[in-house]
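In the numbering used here, the protein residues as written are 26 to 363. All remarks here apply to the structure that follows.
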Ligand SMILES: Cc1cc2nc3c(=O)[nH]c(=O)nc-3n(C[C@H](O)[C@H](O)[C@H](O)COP(=O)(O)OP(=O)(O)OC[C@H]3O[C@@H](n4cnc5c(N)ncnc54)[C@H](O)[C@@H]3O)c2cc1C
Ligand code: SF4
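Okay, structure coming up:
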């Protein structure tokens, strides 16, 4: 048992002060990732700062016509919220494709953004891992790398970001509101997570001592033509091998705007502006979708055990775009389980 202190923050300023006072402290929300990592001896915080009493559990409309989601809104409450189901169904679908009902009931929006990779070497402290212990090496590159990245990886780390919710937030171009000791700032979703480069220990561009307070969704929700498609080893309770979030704005059968993000293939949800440009102004047909898939997968690099992901990703992109264009999302329904 490794000793740690427990503190409960009363408000955001208190949480910011507590975390600024102790750089080795960690915030805890639902605890579904942090506590597992502590049990596995991967995270060893000197202090755990409980943020569950902060007033960050509201979902509110913004004056611009979007939504502001507090960082402590639970994944279940977000997926079942009427405004999310009506205006951002791709987000509801993506959340419902993740974890289990019990986990979603406690997992928070902020914690989901900041959950760490599921690379098994990261969890196994007997093996080298640059993300866990910078400079120690990457066991996955020449090891068992079936779940690992095919895009945007580096020699230092080939891990993937595990979140489903984040893949939908990528196409919705969410904004992340954060508060730190000196100021508040807003981070564009595309800038929030990082590629591994030579600093794989840093998953995000959050500065030390900053807290996520909210996620803001712009008005465009792609509620008519969308899909979240997740392919995994089991039908539920498994992380994505490949997932695809698609949002299309169609003018009859011509694509006025198209967004595509891939999950399970990179250190962050993967988008390519050139692939989305290739959809714009084009008919929503297989030829157009194939062109976009080629661009999205142009720079793939597979490893010994995950080469299958390249063809899988191509098929998933084609299927997700076809379903979104047809207005027939096959993703899981977010209907309440009673
Ligand atoms: C068995 C299992 C299966 C799962 N399957 C899936 C899946 O298929 N798809 C999927 O997407 N997810 C899956 N998950 C992951 C789950 O979604 C995450 O564990 C959860 O979203 C994390 O939220 P939390 O509130 O519990 O975070 P916590 O564990 O409380 O925190 C996680 C991290 O976020 C930090 N943090 C939390 N809130 C804030 C904040 N407001 N500001 C700054 N930092 C913060 C913490 O310090 C910690 O580092 C699975 C988890 C488990 C255990
Ligand atoms: S892929 Fe990344 S997380 Fe996994 S062992 Fe290599 S450095 Fe660690």
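Heads up, the beta-carbon is just placed ideally off N, CA and C, and yes, glycines get one too.
Distance cut-off 7 angstroms: residue i Cβ against heavy atoms of ligand 2
i	result
residue 147	yes
residue 191	no
residue 142	yes
residue 215	no
residue 188	no
residue 151	no
residue 349	no
Among the options, the one whose alpha carbon lies nearest that of residue i
i	options	result
residue 267	196, 146, 336 and 182	336
residue 178	347, 326 and 124	326
residue 167	154, 311, 160 and 158	154
residue 324	297, 313 and 330	297
residue 40	206, 123, 113 and 279	206
residue 217	51, 295, 284 and 121	295
residue 261	111, 35 and 128	128
residue 317	304, 329, 352 and 310	304
beta-carbon residue i near ligand 1 non-hydrogen atom, thresh 7 angstroms
i	result
residue 32	no
residue 139	yes
residue 156	no
residue 58	yes
residue 86	no
residue 317	no
residue 326	no
Sequence-distant residues of the same chain with beta carbon closer than 7 angstroms to residue i, five excluded per side
i	result
residue 322	335, 338 and 339
residue 131	55, 57 and 99
residue 119	189, 190, 192, 193, 253 and 270
Contact set for residue i: own chain, Cβ-Cβ below 6 angstroms, skip 5 residues either direction
i	result
residue 293	186 and 218
residue 194	214
residue 360	Residue confidence for residue 360 is low, a pLDDT of 48 falling below 50, so the modelled location carries little weight; the figure read from the coordinates is stated next. Closer than 6 angstroms at the Cβ level, and outside the excluded window around residue 360, lies no residue.
Neighbour flag for residue i against chain B, beta carbons, 8 angstroms
i	result
residue 350	No chain B is present in this structure, which holds just one protein chain.
Do the region 222-230 and the region 243-263 meet, that is, are 3 or more Cβ pairs less than 8 angstroms apart? Because the criterion of three Cβ pairs below 8 angstroms is not met, the region 222-230 and the region 243-263 do not touch.
Pairing CB atoms from the region 240-249 with CB atoms from the region 196-205, are three or more of them under 8 angstroms? Contact between the region 240-249 and the region 196-205 is present, because at least three Cβ pairs lie under 8 angstroms.
If contact is defined by three or more beta carbon pairs under 8 angstroms, each pair taking one atom from either stretch, is the region 170-184 in contact with the region 137-146? With three or more CB-CB distances shorter than 8 angstroms, the region 137-146 counts as touching the region 170-184.
Cβ contact check for the region 85-97 and the region 156-173: 3 or more pairs under 8 angstroms: Taking 8 angstroms as the limit for Cβ pairs, the verdict is that the region 156-173 does not touch the region 85-97.
For the region 229-237 and the region 270-284, state whether three or more C-beta atom pairs, one from each stretch, are separated by less than 8 angstroms. No, the region 229-237 does not touch the region 270-284.
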